[in-house]
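The structure under discussion appears below in the form of structure tokens.
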Amino acid sequence: MAILSILQFPDARLHTVAKPVAHVDDRIRTLTADMLQTMYAAQGIGLAASQVDVHERVIVIDVSEERDQPMVLINPELVWTSPTTHLNEEGCLSVPGIYDGVTRFDAVHCQAMDADGHSRVIKAEGLLAVCIQHEMDHLLGKVFVEYLSPLKRNRIKTKMLKAQREGAR
Ligand code: K1U
Ligand code: ZN
Numbered sequence: 024m025a026i027l028s029i030l031q032f033p034d035a036r037l038h039t040v041a042k043p044v045a046h047v048d049d050r051i052r053t054l055t056a057d058m059l060q061t062m063y064a065a066q067g068i069g070l071a072a073s074q075v076d077v078h079e080r081v082i083v084i085d086v087s088e089e090r091d092q093p094m095v096l097i098n099p100e101l102v103w104t105s106p107t108t109h110l111n112e113e114g115c116l117s118v119p120g121i122y123d124g125v126t127r128f129d130a131v132h133c134q135a136m137d138a139d140g141h142s143r144v145i146k147a148e149g150l151l152a153v154c155i156q157h158e159m160d161h162l163l164g165k166v167f168v169e170y171l172s173p174l175k176r177n178r179i180k181t182k183m184l185k186a187q188r189e190g191a192r
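Quick note: the sequence shown, position 125, residue 148 per my numbering, numbers continuous.
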């Protein structure tokens, strides 16, 4: 297993639209194992392949307290969304240190394949539902700051570029 490098906003590669996975094979299983290790090392609850510069529809999630319930979602699709929404505080491993409110469906049903290539429907609410929606946005090339006002987004962009310049010194 390996810890992968996470792209940082405003890296243009974060806006790439991911392609469906054609075959769940050992290459994809290695990718999901590496993504889980990367997510746990970064203390995240989710990670999309787009964030590690792999533009295929793969997500890993673990919202459990004990960090012992990894989920792998390959080619995820929302097959049902609740009629109600909620404003949730979100963070992102590609925008470290920034937290803000995003409106999401309260509950979703998501069809996806697991690491064995078996298709299943995940019925999610609460933090899991929020995380699935956040990670599926990444696969569409969308970062959560794009829901914020242009003023906020530009401030975040300036702050991130400054931090990246200082970190590179
Ligand atoms: O996609 C990512 O960058 C991972 C992201 C997922 C996420 C967090 C909160 C709401 C929606 C989606 C993170 O894991 S950010 C890490 C973090 O700060 C956090 C961890 C647990 C709960 C809330 C935030
Ligand atoms: Zn994110």
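We treat Cβ as the ideally placed atom computed from N, Cα and C, and that holds for glycine.
Annotated as distal: alanine 65 and leucine 96, with beta-carbon spacing of 8 Å or more. Within the DSSP secondary-structure output, glutamine 134 pairs in a beta bridge with Glu100 and Val144.
Boundaries around alanine 64 are those of the alpha helix (DSSP H), 49-64, since no beta strand (DSSP E) includes it.
By the neighbour-count criterion, in which a residue is buried when 16 or more other Cβ atoms sit within 10 angstroms of its Cβ, threonine 181 is exposed.
Pairing leucine 54 with alanine 25 gives a Cβ-Cβ distance that is not under 8 Å. In the DSSP assignment, aspartate 123 falls within the unbroken beta strand (DSSP E) covering 123-128. For the options Val144, Leu30 and His46, the alpha carbon positioned closest to that of glutamate 100 is the one of Val144. The beta carbon of histidine 161 sits closer than 7 Å to those of Ala71, Ser73 and Gln74, all from its chain and outside the five residues before and after it, given in chain order. Beta-bridge partners of methionine 94 (DSSP): Ile84. The secondary-structure analysis by DSSP pairs threonine 108 across a beta bridge with Phe128. For alanine 71, the secondary structure class from DSSP, reduced to helix, strand or coil, is strand. Your pair cysteine 154 and isoleucine 68 checks out as a contact, with CB atoms roughly 5 Å apart and the cut at 8 Å.
As the crow flies, the alpha-carbon of glycine 114 is around 14 Å from that of lysine 165.
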